[in-house]
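Read the structure below first, then the notes.
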Amino acid sequence: MRTIEHVIGGTRRSSARTLPVYDPATGVETARVAAATAADVDDAVAAAGKAFVEWSEVSLARRSAVMFAMRDLVDRHAEELARLVTAEHGKTLDDARGEVTRGREVIDYACGVPSLLKGAYTDQASTGVDAWTFRQPLGVCAGITPFNFPVMVPLWMHPLAIATGNTFVLKPSERDPSASSLIASLYADAGLPDGVFNVVHGDKVAVDALLDHPDVAAVSFVGSTPVARYVHQRAVAAGKRVQALGGAKNHAVVLPDADLDDAARQITGAAYGSAGQRCMAISAVVAVGAAADPLVERLAAQARAIVVGPGADPASQMGPVVTAAARDRILSLVDSSSAELVVDGRNLADGPGFFVGPCLFDHVGTDMPVYREEIFGPVLVVLRVATLDEALDLVNANPYGNGAAIFTDSGAAARRFQRGVRAGMVGVNVPIPVPMAYHSFGGWKDSLFGDTHVHGPEGVAFYTRAKAVTSRWPGPAASSAPSLHFPTAS
Ligand code: NAD
């Protein structure tokens, strides 16, 4: 059976322990992935540390040229990357192609690194004194990523880290690791020196070794909230800069004045696309007043019409979930709920693949597990409230704060929502407000531990640190007497 290997300093190798990788559409094990030991992680960090010495001195022009080459290669291998994603994650090919495009857009942004790192210069800040600031790389940065976007989420991190002069060790999800191996080959083809981008595969053993390693300067994590909280605490305790993006329960508030046909279409796509396994999936609808009945009717009709099947089949609109354990967890949450199950997708769960059909609950209460827990499957719940105020209170009381959307025809209501909602990314008649690469992506509350969002300007800030220089060139006229007072501009 094929083994998916680490890429350390440009060399591929395995470990004694390996983990299974499945095709979720068939339930068949298709490969084994190496599970790194602490010693493997040590080697990867050492390779990255060695490469940093030269890479951090490479000119911006050359770093940018590597990113342009990488952009072209990712474009040319987009179909191959998408097929790897579908084979191990299960999402439809169309969806996987979209993921590759959204990830590649971060490389587009990183191509502009000379502009992104332009410092700020102040001439004559004081008499004969100039001041300027610029940003320098941190060193070895680590990325730890989830299964649900095996191409896009790592691309949120490494292009900007590398373009700004750092070296990188990626620990991708052990469930769909193949795409990261291809990305490593493409970087090599783009002219990136060995050791600048490394991949260590595995599980908690590899993660803990990265979190504790004294030579890792910064950790970017994306995954579930309990692990994000743990990663943040442990890596901060080890003195690192950390951004740890966690789970989500994203709400769509629908007002009675919204175009309900459009809202139902948009919400259906956002709830069931990728079988609900998106951190920006809409998993809770808050129907306000008279919107509820006609909205639920439309949502139910749309959910029943979704074609579920293998992701590689062009007829499929929704694929399986990632593992048998994920399927069983989703089913047990649905089984145990006392809310009204309007659309029941459990009958699809009998085959060997990891399928769950679309489920829709109505009249859900905020105390119910199907609302409180991040289900991360094709399950949408509808809660009913009387006013926009009540809807805002409900959304803001939820511990997660990744994305939130409002559907309305009223500019005033939309403005009130976008200003008052406690979430990091807001959509107005847009269900999945995933920011473009030149803006930054991140949530609030339990959806993000740390201070900066990923990619965009906040990504550049995360992977660099500021330096402020003040300089004077004393001429013959300079005062000869020492001055002991605190320096002020004059
Ligand atoms: P996960 O937390 O199980 O795993 C994420 C990473 O952490 C993986 O690389 C995994 O190997 C590692 N890991 C898992 N358990 C660990 C442990 N106990 N100690 C150390 N490392 C551990 O997440 P997942 O199931 O792969 O991905 C789905 C989750 O990711 C969902 O909660 C989803 O909302 C979240 N997510 C969030 C965002 C965001 O932007 N906020 C984006 C994508 C996914």
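Read the sequence shown against the UniProt record's numbering and you will find it ends at 490, with the numbers running on by one and no gaps. Here a beta-carbon is modelled for each residue, glycine too, at the ideal position from N, C-alpha and C.
The region 271-291 makes contact with the region 379-386; the number of CB pairs closer than 8 Å reaches 3 or more. Residue 115 is not a Cβ neighbour of residue 7, given a cutoff of 9 Å. For the pair of segments examined, the region 326-335 was found not to touch the region 99-118: the number of CB pairs separated by less than 8 Å stays below three. For the beta strand (DSSP E) assignment, the uninterrupted runs of no fewer than 3 residues enclosed by the region 383-415 are, from N- to C-terminal side, 403-407. Residue 488 places its beta carbon 9 Å or farther from that of residue 130. The closest heavy atom of the ligand NAD lies less than 8 Å from the beta carbon of residue 231.
Annotation: residue 15 is outside any alpha helix (DSSP H) and is labelled neither H nor E by DSSP. For the 9 Å CB-CB criterion, residue 374 and residue 224 form a contact. Residue 272 carries a helical assignment under DSSP once its states are collapsed to helix, strand and coil.
Taken in chain order, the whole alpha helix (DSSP H) runs of length 4 or more contained in the region 42-102 are 60-76, 78-89. Note that the region 53-60 touches the region 159-176; at least 3 beta-carbon pairs, one per stretch, sit closer than 8 Å. Within the model, the alpha-carbon separation for residue 96 versus residue 124 is close to 53 Å.
Using a 10 angstroms sphere on the CB of residue 362, the tally of other CB atoms reaches 16 or more, which defines it as buried. Listed in chain order, the non-local C-beta contacts of residue 29 below 6 Å within the same chain comprise 20, 22, local neighbours out to five positions each way being set aside.
The alpha-carbon of residue 72 is positioned some 10 Å away from that of residue 78. By the Cβ test, the region 169-185 is in contact with the region 133-152, since at least three Cβ pairs between them sit closer than 8 Å. For residue 440, the secondary structure class from DSSP, reduced to helix, strand or coil, is coil. Residue 53 counts as exposed, since fewer than 16 other C-beta atoms from the protein chains shown sit within 10 angstroms of its C-beta. Beta-bridge annotation (DSSP): residue 192 is not paired with any residue. In the DSSP assignment, residue 450 falls within the beta strand (DSSP E) that extends over 448-450. Ranking 275, 183, 472, 441 by CA distance to the CA of residue 25 puts 275 first. For residue 462, the enclosing alpha helix (DSSP H) starts and ends at 456-462. In this structure, the CA atom of residue 273 is about 18 Å from the CA atom of residue 84.
Distances between the C-beta of residue 277 and the heavy atoms of the ligand NAD include at least one below 8 Å. Beta-bridge annotation (DSSP): residue 135 is paired with 466.
In the three-state reduction of the DSSP assignment, residue 425 falls in the strand class. Leaving aside the five residues that flank residue 213 on each side, the residues in its chain whose CB is nearer than 6 Å to its CB run, in chain order, 45. Ranking 64, 267, 211, 372 by CA distance to the CA of residue 404 puts 267 first. About 5 Å separates the beta carbon of residue 153 from that of residue 222, a gap short enough to meet the 8 Å contact definition. The continuous stretches of alpha helix (DSSP H) do not include residue 8, which lies in the beta strand (DSSP E) extending over residues 6-8. Judged by DSSP secondary structure, residue 348 falls outside any alpha helix (DSSP H); it is assigned neither H nor E. Residue 18 and residue 200 have their C-alpha atoms roughly 12 Å apart.
Residue 143 is bridged by DSSP to 170, 220. Residues of the same chain with a CB within less than 6 Å of the CB of residue 292, apart from the 5 flanking positions on each side, are 384 in chain order. The continuous alpha helix (DSSP H) containing residue 158 extends over residues 152-163. Per DSSP, residue 175 lies in no alpha helix (DSSP H) segment and is marked neither H nor E.
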